[in-house]
Amino acid sequence: MSQNGATKTLAEFAAQLEYEKIRNNILKYLKLLFLDGIGCCIHGNTLEWTKTLKEVVTNEEDVKECSLIGTNIKTSLLNAVLINSTAGHGFESDDIHRESILHPNSIIVPVAINVSEKIGNTNGKKFLTSVVAGYEVSTRIGSAAGTELLLRGFHPQGTHGTIAAAITAGKLMNFNTKQMTNAIGIAGSLGAGLMAAQEGAMVKRLHSGRAAQAGVLAAELSAKNFTGIQNIVEANYGGFLSSFSGKNDFARSTRNLFKEWECINTGIKPYASVTSIHSALDCLKNIMEKNNIFAKDIKNIKAKISHPTYVHCAWKYKNHNITSAQMNIYYGLALIALEGELFVNQFSKDKISSPEILNFMKKITAEVDPKIEKLGHKFRHMASVEVVTKDNKKYSHTEKYRKGSPENPLTKGQILSKFKSLAAYALDDEKIEILRDKIESIELSNSVNSWLNTN
Numbered sequence: 092m093s094q095n096g097a098t099k100t101l102a103e104f105a106a107q108l109e110y111e112k113i114r115n116n117i118l119k120y121l122k123l124l125f126l127d128g129i130g131c132c133i134h135g136n137t138l139e140w141t142k143t144l145k146e147v148v149t150n151e152e153d154v155k156e157c158s159l160i161g162t163n164i165k166t167s168l169l170n171a172v173l174i175n176s177t178a179g180h181g182f183e184s185d186d187i188h189r190e191s192i193l194h195p196n197s198i199i200v201p202v203a204i205n206v207s208e209k210i211g212n213t214n215g216k217k218f219l220t221s222v223v224a225g226y227e228v229s230t231r232i233g234s235a236a237g238t239e240l241l242l243r244g245f246h247p248q249g250t251h252g253t254i255a256a257a258i259t260a261g262k263l264m265n266f267n268t269k270q271m272t273n274a275i276g277i278a279g280s281l282g283a284g285l286m287a288a289q290e291g292a293m294v295k296r297l298h299s300g301r302a303a304q305a306g307v308l309a310a311e312l313s314a315k316n317f318t319g320i321q322n323i324v325e326a327n328y329g330g331f332l333s334s335f336s337g338k339n340d341f342a343r344s345t346r347n348l349f350k351e352w353e354c355i356n357t358g359i360k361p362y363a364s365v366t367s368i369h370s371a372l373d374c375l376k377n378i379m380e381k382n383n384i385f386a387k388d389i390k391n392i393k394a395k396i397s398h399p400t401y402v403h404c405a406w407k408y409k410n411h412n413i414t415s416a417q418m419n420i421y422y423g424l425a426l427i428a429l430e431g432e433l434f435v436n437q438f439s440k441d442k443i444s445s446p447e448i449l450n451f452m453k454k455i456t457a458e459v460d461p462k463i464e465k466l467g468h469k470f471r472h473m474a475s476v477e478v479v480t481k482d483n484k485k486y487s488h489t490e491k492y493r494k495g496s497p498e499n500p501l502t503k504g505q506i507l508s509k510f511k512s513l514a515a516y517a518l519d520d521e522k523i524e525i526l527r528d529k530i531e532s533i534e535l536s537n538s539v540n541s542w543l544n545t546n
């Protein structure tokens with residue numbers, strides 16, 4: 092790698108990345124992330140907000156070049172990535188890179204699929220390499236921005252998600268370093284998304300779609316010699332880091348390129364909710380299962396969490412809609428207590444405003460734990476939960492690493508089970524098995540386009 096600023100160093104990395112330089116364990120895990128992402132997109136394309144978006148942006152005159160994942164519908168490239176990425180982020184089931192607070196697969200998976208459809212004859216190795224490039228560059232820039240970006244009120248999915256899309260598309264389009272630099276410089280300046288959406292707005296899902304669309308647009312513009320900000324990552328004034336996070340830790344974005352891979356630091360969700368509350372959910376499940384406690388036995392529950400989790404998830408539940416329920420620690424803990432699970436079925440319209448659930452939530456409190464705060468950003472998902480039963484017995488449990496995190500991963504069987512449950516909303520068992528088998532051997536494919544249509 093040459094001695095450049097952070098932006099050009101990352102662009103050069105993406106342009107020069109080759110399949111053979113990626114370790115086998117990275118590629119093996121990446122295929123599971125990809126499988127998880129396709130499941131999220133298939134399910135997401137059945138949802139109310141995704142259907143509304145499709146009705147607004149598509150029409151009969153559209154170029155029929157790219158698929159809406161899990162359907163037999165085709166539309167233009169920019170519309171397809173907009174809709175598919177909104178779908179991928181549509182039910183809080185997509186993966187999570189903890190340090191960058193990005194859900195890469197709900198952007199990178201549809202972008203890789205749809206851009207490959209438009210290009211044609213993309214082989215499996217090139218396809219996987221583009222996905223790795225998208226993961227690595229976007230999560231590194233997001234990690235350099237850190238929690239500060241989120242606490243300022245920006246949605247990481249909408250800010251550095253644009254870069255994930257641009258790099259993935261650019262790699263599929265065989266960009267050189269100059270083109271990659273421009274793609275990053277265009278995409279990074281188009282990032283947007285505000286976190287107040289977490290309290291009940293459908294637009295939170297759209298942040299992902301708009302990021303994917305902006306990133307692909309950036310790549311298409313760069314291919315035509317349209318220029319972007321050449322030093323967007325590290326610029327002191329108006330740069331990505333200086334503007335969105337208020338700090339300029341651009342060295343983090345290029346640290347140990349080709350030596351440490353951020354793909355492997357991406358976790359897969361077992362719950363369809365904001366990741367920040369998962370450790371608390373795990374704690375409560377552990378206490379109840381280990382001690383044979385039922386919801387009717389519980390007097391009160393206290394969750395001790397990090398400051399970022401408290402700001403992000405411990406606001407008063409008030410809007411009684413799916414988005415607010417998925418982002419709220421009180422709702423999540425109540426459903427674990429009452430039903431032992433927090434997936435698609437726990438967010439039905441009757442449950443999100445159920446008097447039983449709302450009354451149980453009154454038993455739950457949350458507070459910032461100074462001990463967790465002292466451990467720093469790496470442990471922002473850590474939680475401790477205390478349960479007091481009606482006979483005044485006290486139980487507690489602490490989880491440093493949530494189930495599904497890189498340190499406490501889901502098994503391959505659990506990931507496949509999640510994929511099947513999500514894909515079943517649109518595909519039959521035979522199509523699900525065919526799709527799974529194709530993804531597991533994608534590197535052997537001469538043309539991924541022959542099987543990308545999942546309908």
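According to the numbering used here, the sequence shown holds residues 92 to 546 in order.
The beta-carbon is built from N, C-alpha and C at its ideal position, and this holds for glycine as well.
7 Å CB neighbourhood of residue i in its chain, flanking five on each side removed
i: Met92; result: Any reading at Met92 must be qualified, since the residue scores a pLDDT of 43, below 50, and its modelled position is unreliable; the value itself is stated next. Answer for Met92: Thr100, Glu103, Phe104 and Leu348, listed in chain order.
i: Phe341; result: Ala97, Ala235, Val324, Glu325 and Leu332
i: Glu531; result: Lys122
i: Ala292; result: Thr414
i: Phe434; result: Tyr362 and Ala363
i: Ala260; result: Val202, Val206, Gly306, Val307 and Ala310
Residues near residue i in its chain [Cβ-Cβ closer than 8 Å; skip 5 each side]
i: Gly337; result: Glu239 and Arg243
i: Ala288; result: His246, Val294, Lys295, His298 and Thr414
i: Ile210; result: Leu263 and Met264
Segment limits, alpha helix (DSSP H) that includes residue i
i: Ser334; result: Phe331 to Phe335
i: Lys485; result: That residue, Lys485, is in no alpha helix (DSSP H); its beta strand (DSSP E) goes Lys485 to Glu490.
i: Ala178; result: Leu168 to Gly179
i: Ile455; result: First-last for Ile455: Ile455 to Val459, but that is the beta strand (DSSP E), not the alpha helix (DSSP H).
i: Tyr120; result: Asn115 to Gly135
i: Ala342; result: Phe341 to Thr345
i: Gly225; result: Gly215 to Ala236
i: Thr268; result: Thr268 to Ala278
i: Ile160; result: Here Ile160 belongs to no alpha helix (DSSP H), and DSSP marks it neither H nor E.
i: Arg527; result: Asp520 to Glu531
i: Val200; result: Asn196 to Ile210
i: Pro500; result: Counting along the chain, Pro500 falls outside any alpha helix (DSSP H), and DSSP gives it neither H nor E.
i: Lys442; result: Here Lys442 belongs to no alpha helix (DSSP H), and DSSP marks it neither H nor E.
i: Leu263; result: Gly252 to Leu263
i: Gln107; result: Ala97 to Gln107
i: Glu190; result: No alpha helix (DSSP H) holds Glu190; DSSP gives it neither H nor E.
Check: residue i C-beta below 7 Å from any heavy atom of the ligand MG
i: Leu513; result: Looking for the ligand MG in the displayed structure turns up nothing, as the structure carries no ligands at all.
Proximity of residue i and residue j at Cβ, strictly below 8 Å
i: Gly181; j: Thr220; result: no
i: Met452; j: Tyr486; result: no
i: Ala283; j: Pro195; result: no
i: Lys395; j: Ala474; result: yes
i: Leu370; j: Gln417; result: The sequence shown places Ser at residue 370, not Leu. Their beta carbons are not under 8 Å apart, which means Ser370 does not touch Gln417 by this criterion.
i: Ala302; j: Gly252; result: yes
i: Ala106; j: Thr230; result: no
i: Leu372; j: Leu449; result: no
i: His468; j: Val476; result: no
i: Val223; j: Leu263; result: no
i: Phe218; j: Val539; result: yes
i: Gln270; j: Ser313; result: yes
i: Ile129; j: Ile174; result: no
i: Gly225; j: Ile192; result: no
i: Cys157; j: Lys145; result: no
Residue i, enclosing beta strand (DSSP E) - first and last residue
i: Thr480; result: Ala474 to Thr480
Beta-carbon proximity list for residue i, same chain, < 6 Å, skipping 5 on both sides
i: Asn391; result: Lys454 and Val479
i: Asn537; result: Asn214
i: Phe335; result: Ala236, Leu240, Phe245 and Thr250
i: Pro399; result: Thr238 and Arg471
i: Ala405; result: Ile420 and Ala457
i: Ala309; result: Ala257, Ala274, Ile277 and Ala278
i: Asp520; result: none
i: Gly306; result: Thr253, Ala256, Ala257 and Ala278
i: Lys216; result: Tyr110 and Glu534
i: Leu126; result: Phe510 and Ile530
- Task: Entirely within the stretch 362–421 and at least 3 residues each: give me those beta strand (DSSP E) ranges in chain order.
- Result: Within the stretch 362–421, the complete beta strand (DSSP E) runs of at least 3 residues are 389–396.
- Touching or not, the stretch 118–132 and the stretch 294–311, by the rule of three or more beta carbon pairs under 8 Å? no
- When the Cβ atoms of the stretch 496–506 are set against those of the stretch 165–181, are three or more pairs found closer than 8 Å? no
- Every unbroken beta strand (DSSP E) inside the stretch 289–339 [3 residues or more]: none
- Message: Check whether the stretch 349–358 and the stretch 172–179 touch, using three or more Cβ-Cβ pairs below 8 Å as the test.
- Response: no
- Task: State whether the stretch 371–380 contacts the stretch 506–514, with contact taken as three or more CB pairs (one from each stretch) at a distance under 8 Å.
- Result: no
- Taking one C-beta from the stretch 126–138 and one from the stretch 187–206 each time, how about it: are there three or more such pairs within less than 8 Å? Result yes; three or more Cβ-Cβ pairs closer than 8 Å.
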